[in-house]
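S.K.: This is the structure, below, for whatever I ask next.
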Amino acid sequence: MGHANISIFVPHLGCPRQCSFCEQNTITGRRQAPPPGQADVLAAAELAARSLDDADRAQAEIAFFGGSFTAIDRAYMLNLLAAAREAVERYGFRGIRCSTRPDAVDGEVLDILLAHRVTAVELGAQSMDNGVLAANRRGHTAEDTRRAAGLIQSAGLELGLQMMTGLYQSTPEKDLATARAFVELHPATARIYPTIVLPGTELAELWRAGAYQPQTLEEAIPLCARLLDILEGAGIRIIRVGLHASQEVEEKRLAGPYHPAFRQLAESERILQRLQRELSGPGAYQVEIHPKDISTALGQGRRNLARLEELGFWVRFVQAPGLRRGEFRIHRA
251 MGHANISIFV
261 PHLGCPRQCS
271 FCEQNTITGR
281 RQAPPPGQAD
291 VLAAAELAAR
301 SLDDADRAQA
311 EIAFFGGSFT
321 AIDRAYMLNL
331 LAAAREAVER
341 YGFRGIRCST
351 RPDAVDGEVL
361 DILLAHRVTA
371 VELGAQSMDN
381 GVLAANRRGH
391 TAEDTRRAAG
401 LIQSAGLELG
411 LQMMTGLYQS
421 TPEKDLATAR
431 AFVELHPATA
441 RIYPTIVLPG
451 TELAELWRAG
461 AYQPQTLEEA
471 IPLCARLLDI
481 LEGAGIRIIR
491 VGLHASQEVE
501 EKRLAGPYHP
511 AFRQLAESER
521 ILQRLQRELS
531 GPGAYQVEIH
541 PKDISTALGQ
551 GRRNLARLEE
561 LGFWVRFVQA
571 PGLRRGEFRI
581 HRA
């Protein structure tokens, strides 16, 4: 099974304001955070532990998502951390992961996290363009992200960075610049979330007024394919691309590039972009690829093959178990 999260959601808690795009109750599928006390966290941990073998438990993390964890009420944060630490020690989990705002990280809070077996902190950077951050009411700057990232790494914690594409007043060029700025911070992990317009947000009002035009799926997929190249090319592990598949998001989404298999679409586009760069000219080719990458390489409905044929490339994919995932070898047929 590999790496797993035991996710505990604290929607909107610790956030000093509601950002233009944010509606965590819909995104997380949760209406409220766990009540004070350890019962809910320990129950979730016990349920997960029963479904994991020893090797998977050793890689699993209890993860606090959906709000700004280090900015929530301190007594409540300590309560949750104490429960999570007990679960880590009881079931042999790897540790605890949390997400927070870049301006809610300092030496004191990092000492608390370390004392409670926290192993990773993810920063909701969203953009490294200060104009985009201000337009979306984030309340922090790119410099706050750089400062917090340095503190997290100096404390010996794993750094994760989260970005959004297609935000209000952003552009593909600004999104690519954000990814390149992430590379300079050397995070261990990253997440990429295309912006979705949800009811009850400022972004929904801007969209209705015609002041904001969200990305289409056809625009977001090629961009995210390029972002994957930049980030993974720098050795950063991409934990997620796109929101979790969710019936609630599907039903409530007003606009924006949502797809339940968004990452596969981006990975498929990424392979297509690489082939277009690396095929030496029109003609027939045999491309060796890892068996688990075949369906992604073909594209949904064999779309990649059709697009390549339009460009004069006739490609046949051949399984090559000896290759690593994401690798391929090209031969003229």
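Letter by letter, the sequence shown follows residues 251 to 583 of the working numbering.
Glycine included, each C-beta is placed from N, C-alpha and C at the ideal position.
Specify, as a first and last residue, the run of the beta strand (DSSP E) that Met413 falls within.
M.R.: Counting along the chain, the beta strand (DSSP E) containing Met413 begins and ends at Glu408 to Thr415.
S.K.: At what residues does the beta strand (DSSP E) containing Ser404 begin and finish?
M.R.: No beta strand (DSSP E) contains Ser404, which is instead part of the alpha helix (DSSP H) from Ala392 to Ser404.
S.K.: Would you kindly work out how many angstroms separate the C-alpha atoms of Glu501 and Pro510, rounded to a whole number?
M.R.: 12 Å
S.K.: I need the straight-line Cα distance from Ser518 to Val433, nearest angstrom please.
M.R.: 23 Å
S.K.: For Gln514, name the three-state secondary structure that DSSP assigns.
M.R.: Of the three classes helix, strand and coil, the one that applies to Gln514 here is helix, per DSSP.
S.K.: May I have a chain-ordered list of the beta strand (DSSP E) segments no shorter than 3 residues that lie completely inside the segment 498-582?
M.R.: 533-539, 563-569 and 578-582
S.K.: How many angstroms separate the CA atom of Phe512 from the CA atom of Gly416?
M.R.: Looking at the two C-alpha atoms, the distance is approximately 15 Å.
S.K.: What is the rounded straight-line gap between the Cα of Arg490 and the Cα of Leu409?
M.R.: 15 Å
S.K.: Where does Phe319 sit, in a helix, a strand or coil, going by DSSP?
M.R.: In the three-state scheme derived from DSSP, where H, G and I count as helix and E and B as strand, Phe319 is classed as helix.
S.K.: Which two residues bound the contiguous beta strand (DSSP E) that contains Thr350?
M.R.: Gly345 to Thr350
S.K.: Whose C-beta lies closer than 6 Å to the C-beta of Glu273 among residues of the same chain, with five residues either side of it excluded?
M.R.: For Glu273, where only same-chain residues beyond five positions count, the Cβ hits under 6 Å are Leu448, Gly450 and Thr451.
S.K.: Over the uninterrupted alpha helix (DSSP H) stretch that includes Thr428, give me the two end residues.
M.R.: Pro422 to Leu435
S.K.: Of the residues Thr350, Ile471, Ala516 and Arg458, which one's Cα is nearest the Cα of Ala321?
M.R.: Thr350
S.K.: Quick one: using the 10 Å Cβ neighbour count with 16 as the cut-off for buried, is Arg300 buried or exposed?
M.R.: exposed
S.K.: What is the DSSP secondary structure of Thr278, reduced to helix, strand or coil?
M.R.: Interpretation of Thr278 is limited by its pLDDT of 49, a score under 50 that renders its predicted location unreliable; the figure taken from the coordinates is listed afterwards. Helix.
S.K.: With the cut-off set at 7 Å, would you say Ala334 and Val291 are in Cβ contact?
M.R.: A contact, by the Cβ cut-off of 7 Å.
S.K.: Which same chain residues end up closer than 6 Å to Asp394 when comparing Cβ atoms and leaving out the 5 residues on each side of it in sequence?
M.R.: Closer than 6 Å at the Cβ level, and outside the excluded window around Asp394, lie Pro352 and Asp353.
S.K.: Assuming Pro444 contacts Gln419 under a Cβ cut-off of 8 Å, what Cβ separation, rounded to an integer in Å, is found between them?
M.R.: The Cβ separation is near 16 Å, so there is no contact.
S.K.: My assumption, with CB atoms under 8 Å, is that Asn255 sits in contact with Arg340. Please give the rounded CB distance.
M.R.: Rounded, the Cβ-Cβ distance is 17 Å, inconsistent with contact.
S.K.: Return the residue from the list Asp479, Gly483 and Ile442 that minimises the CA-CA distance to Pro587.
M.R.: Since the first residue of the chain shown is 251 and the last is 583, residue 587 is not available in this structure.
S.K.: What is the residue span of the alpha helix (DSSP H) that Ala332 lies within?
M.R.: Arg324 to Tyr341
S.K.: Measuring alpha carbon to alpha carbon, tell me which residue in Ala332, Val338 and Gly374 is nearest Ile362.
M.R.: Ala332
S.K.: Here's a check: name, in chain order, each residue in its chain whose Cβ is nearer than 7 Å to the Cβ of Arg367, leaving out the five neighbours to either side.
M.R.: Taking C-beta separations shorter than 7 Å and ignoring five residues to either side along the sequence, the partners of Arg367 in its chain run Arg335, Val338, Gly345 and Ile346, following chain order.
S.K.: Starting from Arg476, follow the alpha helix (DSSP H) in both directions and report where the run begins and ends.
M.R.: Leu467 to Gly483
S.K.: Which of the three DSSP states is assigned to Glu311 in this structure?
M.R.: strand
S.K.: Considering just the uninterrupted stretch of the beta strand (DSSP E) at Val382, what are its terminal residues?
M.R.: Note, Val382: premise wrong, no beta strand (DSSP E); alpha helix (DSSP H) at Asn380 to Ala385.
S.K.: In angstroms, rounded to a whole number, what distance separates the CA positions of Glu538 and Leu478?
M.R.: 21 Å
S.K.: Taking just the CA atoms, how far does Glu528 sit from Gln288?
M.R.: 55 Å
S.K.: Which residues in the same chain have their Cβ closer than 6 Å to the Cβ of Leu558, if we skip the five residues on either side of it in sequence?
M.R.: Val565
S.K.: Taking buried to mean at least 16 other C-beta atoms within 10 Å of its own C-beta, is Ile312 buried or exposed?
M.R.: With 16 or more other Cβ atoms within 10 Å, it is buried.
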